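**Q**
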Amino acid sequence: MPRNSPQLHVFATANQTLRGLADYFVAQASAAQAARSRFAVALSGGSSPRSLYELLASDEYRHKVDWTRTFFFFGDERYVPLDDPESNYRMARLALLEPLHIPAQQVFAVDTALPPAEAAQAYTVAMQSFFGAEIQFDLILLGLGDDTHTASLFPHTSVLQATAAEAQAVFLEQKQVHRITLTAPLINQARAVAFLVYGAGKAAAVRTALHAERDAEKHPVQLIAPEGGAVQWFLDEAANLTP
Ligand code: 6PG
């Protein structure tokens, strides 16, 4: 089945980009809850999405989503305690989950108290228990690293070869750390995938992601091509310098 070409949403400023993605998030949540009575989203980590989460939890947006039927997962997690400053869960907890008073039973964090491989396996089981046979998120939010990694799909790592739609543990030789990540097949099963990338520092990575010759080992973001629809890119002009 041909993969749809990326849909670009380009805004003049980072703030407008955040608002554009916040509006898209609201629309996806509403559509999912109307169709299936719930909205299952995988949050991205790192620094870019923090402002998005704070915006969604703000007085301007908090009443636009039925949070009682929204369920939160993570596209990847650093292999650190959940209260570690590096934890993606901690960032989302502080920026989004606590301000919205999301009950713990609606949040599925990676259990990083387990050994890496077991943590990934347990996360896969948690997703299977929630979704049933096919793990299909309504929305997966992603960021883009300067090296064109996304989630924790880093260049030249074994997880790039994964064929199973699951969570896997990956050891990053350069950083000497473990990560837990959704595999590309799992991401590509999602109903919608949206990247949030802004700032001039990301322009080279965006250009590679969208325009470079395919070499997914080197540029893992090129693995992301959901069967069910186009990848949505929310970019500011600074990050979207056309080649
Ligand atoms: C993580 C993220 C990662 C992130 C990119 C971009 O755990 O760090 O999931 O894939 O999205 O590294 O990070 P920034 O937004 O901080 O540039």
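Residue numbers (this note's numbering): 8 to 250.
Every residue gets a Cβ at the ideal spot worked out from N, C-alpha and C, and that includes glycine.
Note that this is a predicted model, so its numbers are computed, not measured.
1. Which parts of the stretch 114 to 201 are runs of the alpha helix (DSSP H), unbroken and 4 residues or longer, counting only runs that do not cross its ends?
2. Excluding five sequence neighbours on each side, which residues of the same chain lie with their C-beta closer than 7 Å to the C-beta of THR157?
3. Checking the sheet assignment: what are the DSSP bridge partners for GLN14?
4. Checking the sheet assignment: what are the DSSP bridge partners for ARG85?
5. If you draw a straight line from the C-alpha of LEU193 to the C-alpha of GLN183, how long is it?
6. Identify which residue in LEU217, LEU160, PHE81 and PRO233 has its Cα closest to the Cα of ASP118.
7. With distances taken Cα to Cα, identify the nearest neighbour of ASP145 among ASP154, THR155 and MET134.
8. Rounded to whole angstroms, how far is the Cβ of LEU103 from the Cβ of TYR60, which I believe are closer than 8 Å?
9. Quick check: is any heavy atom of the ligand COA less than 7 Å from the C-beta of HIS156?
10. Are there any heavy atoms of the ligand 6PG lying less than 7 Å away from the beta-carbon of SER58, as far as the coordinates show?
11. State yes or no: is the C-beta of ASN22 nearer than 7 Å to some heavy atom of the ligand 6PG?
**A** According to the data block:
1. 123 to 138 and 191 to 194
2. LEU149, GLY150, LEU151, PRO227, VAL228 and ILE231
3. GLN239
4. ARG186
5. 25 Å
6. PHE81
7. MET134
8. 4 Å
9. The ligand COA is not part of this structure, which contains only the ligand 6PG.
10. no
11. no
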